[in-house]
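Peer 1: Structure below; questions to follow.
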Amino acid sequence: MNKITHLLLLFISATSGFGQDNSVKYILNHTLDSDKIEIIIEFDGMSSNTASLVIPRSGPGTYDLTNYLAFVSDVKGFTESNKILDGQTSMGSYFLFNEKDEVLTRVSYQVDVKKMETDLLGGFASSKLRENYLGILGYSVFGFMADQQEKPIVLEINTADDWPIFSTLRPALERKTGSDSYRLDNFSLLADAQFLLGSNVQISRVEGVKIPLFVAAYAETSIDLEEIGRRGQISLTGLADFFGYVPMPHYTMCYEFLEPLSDQHFYGFSMEHLNSMTASLNVSQAIAGYDPKARIGGIVHHMGHSWVPLRSYGVGYRPFEWQTAPLIETIWLNEGFTWYISYYYVLDNKDIISFFQRTIDNAPEYIKRKSLKELSLLGSTQYSLDFNIGRNLFSRGALLAHDLDKQILEKTDGKKSFKDVMLGLLKWTEKNQRAFEYDEIASIISDAVGVDISDTWSQWQKPMR
Ligand SMILES: [Zn+2]
24 MNKITHLLLL FISATSGFGQ DNSVKYILNH TLDSDKIEII IEFDGMSSNT ASLVIPRSGP
84 GTYDLTNYLA FVSDVKGFTE SNKILDGQTS MGSYFLFNEK DEVLTRVSYQ VDVKKMETDL
144 LGGFASSKLR ENYLGILGYS VFGFMADQQE KPIVLEINTA DDWPIFSTLR PALERKTGSD
204 SYRLDNFSLL ADAQFLLGSN VQISRVEGVK IPLFVAAYAE TSIDLEEIGR RGQISLTGLA
264 DFFGYVPMPH YTMCYEFLEP LSDQHFYGFS MEHLNSMTAS LNVSQAIAGY DPKARIGGIV
324 HHMGHSWVPL RSYGVGYRPF EWQTAPLIET IWLNEGFTWY ISYYYVLDNK DIISFFQRTI
384 DNAPEYIKRK SLKELSLLGS TQYSLDFNIG RNLFSRGALL AHDLDKQILE KTDGKKSFKD
444 VMLGLLKWTE KNQRAFEYDE IASIISDAVG VDISDTWSQW QKPMR
C-alpha cells in the first residue's frame with residue numbers, strides 16, 4: 024500500500040468511527056489535575072435489561088486474582104433517550120444498569136490510578152501515576168461490555184497537550200502529543216497492551232535485531248537506556264537463533280524504576296505480553312551502565328514467553344475469562360519449558376538443572392503432595408503470592424523438559440531435541456487455532472519428535488511424594 028492510500032484509509036477509519044464496521048469505541052481521558060482517568064465505551068445499542076460492564080480481575084500469565092473493580096467509580100450508562108443510568112455492582116466483577124427497556128449506547132467510568140498503585144503492593148500489578156508519567160496496563164483499567172470482547176476496537180487516548188504518548192501497540196520513536204488513536208482486532212489485544220504517557224518517558228530503539236525493538240522507560244533515578252537495549256538485543260538474538268524465527272512484528276521492553284511507595288510495596292516481578300514485557304523495579308535495581316556480567320535471564324525468559332505460552336497455550340490461558348482468575352492446568356509448561364530453554368540453551372547455563380532439583384527437593388510438604396496438574400490449579404491464583412508454588416511449578420516443568428530432552432536426544436541419535444518439542448507445540452497451535460487440552464499434550468510432543476514420551480510424561484504427573 025502506498026503512503027497516500029494508507030493515510031486516506033487511516034483518515035476514513037478515524038472519521039467513520041465505530042458502528043459501520045461493528046467496532047466498539049474506547050476513549051481514555053487523562054487530565055493533569057486528577058488522580059483518576061476516565062474510560063468511555065461506545066457501542067451499538069443494547070438492552071439496558073441485560074447490559075453488563077465487565078471489569079477484569081486477572082490477565083493471562085499473572086496467575087493472580089486482583090480486584091481492579093475496587094478502583095472503578097462513577098459508572099454511568101447513557102441511553103438513546105438521553106437517560107443517565109447509574110451502574111450497580113452485583114455479585115461478581117461487573118456493573119449492571121437496572122433500568123427496564125432502555126437502549127444503552129455508551130458507558131463511562133473513572134479509574135483511580137493513584138489508589139490502585141497504593142493498594143496493590145506488587146509493583147507488577149498496577150498502572151502508575153507519577154511525576155509527568157502515566158503508565159497504563161491494559162487489563163487494569165479497560166473493561167468491556169459482556170459478549171462484545173471479540174469485536175474490533177477503535178481506541179482514542181487524550182492527555183495533556185504536551186504529553187507524548189507511547190504504546191506497545193505501535194511502538195515508534197516519534198510520538199504524538201496530546202492525543203492518539205489505535206485500531207485493534209479485539210478486547211484481548213487492548214487488555215494486553217501498555218501505554219506510557221508523559222514527558223518523563225524515555226524511548227530508544229535498539230539496532231542489530233531482526234524486528235523493531237524498543238526500550239520505553241520511566242525512572243526516578245538515572246538509568247542507561249543503551250545498556251537495557253544491549254541486554255534486550257542479546258536476549259532476542261539468542262531466542263531467534265534457538266527457535267529459528269521471531270513471531271513478534273515488533274517488541275517493547277517497558278521498564279519502571281520506582282521509589283517504593285511504602286515498605287510493604289515490592290518490586291522486581293515482570294510480566295509478559297504478546298509483543299512486550301513490563302518490568303517494575305525499585306530504584307535500587309537501576310540499570311545504570313554497561314555491565315558485561317549482567318544477569319539477563321529475566322529478559323530472555325519474558326521475551327521467550329512471546330513464543331510460549333503467548334503463541335501456544337493450554338486451556339484457560341486463551342480465550343481468557345477476564346472476570347475471574349481462571350484455573351489453568353499448564354502453568355508448569357508455560358513457565359518451566361520457558362525457563363528450561365532460556366537458561367539451559369539460550370544462556371547455555373547447564374548448572375541451572377541443579378537449582379531446579381534443589382527447589383523441588385526442598386519444597387514444603389503441601390507442595391510435594393500435589394500432582395503436577397494440582398499444583399498448577401493452585402498456582403492459578405497465587406503463583407507469586409506464595410512463590411514456593413511458583414518456583415516449584417517452573418522447576419518441575421523444567422525438569423520434565425530436561426528428562427524429555429535427554430530421552431529424545433538418545434532415541435533419535437541427536438537428530439531431535441527439546442527444541443522440536445517447542446516448535447511442535449507452536450506448529451500445532453498455528454494449525455489448530457485453539458488451546459490444547461491437557462490430555463493432548465503428550466501426543467503432540469510424541470508426534471513432534473517421533474518418540475513415544477508417554478512414560479516420562481506419566482512419571483512427572485505424580486506427586487513428589
Ligand atoms: Zn514466566
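The numbers in the sequence shown follow this note's numbering, run straight up by one, and end at 488. Backbone N, C-alpha and C define an ideal beta-carbon position, used for all residues, glycine too.
DSSP three-state call for G146: helix, strand or coil?
Peer 2: helix
Peer 1: Do the region 216-232 and the region 187-202 touch if we need at least three Cβ pairs shorter than 8 Å?
Peer 2: yes
Peer 1: Which two residues bound the contiguous beta strand (DSSP E) that contains Y156?
Peer 2: Y156 to L160
Peer 1: Do V338 and T361 count as a contact pair if the criterion is CB distance below 9 Å?
Peer 2: no
Peer 1: Just verifying my parser: in three-state terms, what is the DSSP assignment at V472?
Peer 2: helix
Peer 1: Would you identify the three-state DSSP class for S204, choosing helix, strand or coil?
Peer 2: Strand at S204.
Peer 1: Let's see if you can read the secondary structure: which residues bound the beta strand (DSSP E) around L152?
Peer 2: K151 to R153
Peer 1: I need the straight-line Cα distance from Y49 to L157, nearest angstrom please.
Peer 2: Distance from the CA of Y49 to the CA of L157, rounded to the nearest whole angstrom, comes to 18 Å.
Peer 1: For the structure I just gave you, are there three or more beta carbon pairs, one from the region 378-389 and one from the region 317-332, closer than 8 Å?
Peer 2: No, the region 378-389 is not in contact with the region 317-332.
Peer 1: Is T191 near ligand 2, in the sense that its beta carbon is under 8 Å from a heavy atom of that ligand?
Peer 2: This structure lacks ligand 2; the ligands present are ligand 1.
Peer 1: Name the two residues that bound the continuous alpha helix (DSSP H) containing N455.
Peer 2: F441 to N455
Peer 1: Identify the residues that DSSP records as bridge partners of Y368: which are they?
Peer 2: Looking at the DSSP assignment, Y368 forms no beta bridge with any residue, so it has no partner.
Peer 1: For the beta strand (DSSP E) that I176 lies in, which residues bound it at each end?
Peer 2: I176 to N181
Peer 1: Report the residue ranges of all alpha helix (DSSP H) runs contained in full by the region 268-295; include only those spanning at least 4 residues, in chain order.
Peer 2: none
Peer 1: Do H325 and ligand 1 come close, with the Cβ less than 8 Å from some heavy atom?
Peer 2: yes
Peer 1: If we count the other Cβ atoms within 10 Å of its Cβ and call it buried at 16 or more, is I107 buried or exposed?
Peer 2: exposed
Peer 1: Judging by CA-CA distance, which residue of E122, S113 and P83 is the nearest neighbour of G100?
Peer 2: E122
Peer 1: Is there contact here, the region 445-454 with the region 468-476, by at least three beta-carbon pairs under 8 Å?
Peer 2: yes
Peer 1: Using three-state DSSP, classify N305 as helix, strand or coil.
Peer 2: strand
Peer 1: Helix, strand or coil for V95? Go by DSSP, reduced to three states.
Peer 2: strand
Peer 1: Is I310 closer than 9 Å to G166 when the C-beta atoms are compared?
Peer 2: no
Peer 1: Specify the secondary structure class of K138 as computed by DSSP and reduced to three states.
Peer 2: helix
Peer 1: Using CA coordinates, which residue listed in E179, L401 and G359 is at the minimum distance from H425?
Peer 2: G359
Peer 1: Quick check: the Cα distance between F265 and L356, rounded to an integer number of angstroms?
Peer 2: Rounded to whole angstroms, F265 to L356 spans 18 Å at the Cα level.
Peer 1: How far does the alpha helix (DSSP H) with Y389 in it reach, from first residue to last?
Peer 2: E388 to K391
Peer 1: What separation, rounded to the nearest whole angstrom, lies between the Cα atoms of L92 and D374?
Peer 2: 44 Å
Peer 1: Applying the criterion that 16 or more other CB atoms from any shown protein chain within 10 Å of the CB defines a buried residue, is G146 buried or exposed?
Peer 2: Label assigned to G146: buried.
Peer 1: Identify which residue in Y162, T435 and K485 has its Cα closest to the Cα of L398.
Peer 2: K485
Peer 1: What's the C-alpha gap between Q206 and I176?
Peer 2: It should be noted that the sequence gives Arg, not Gln, for residue 206. Straight through space, the alpha carbons of I176 and R206 are spaced by roughly 6 Å.
Peer 1: At a cut-off of 8 Å, is N298 close to ligand 1 when judged by its beta-carbon and the heavy atoms of the ligand?
Peer 2: no
Peer 1: Could you tell me the alpha carbon to alpha carbon distance between L350 and D409, rounded to whole angstroms?
Peer 2: 16 Å
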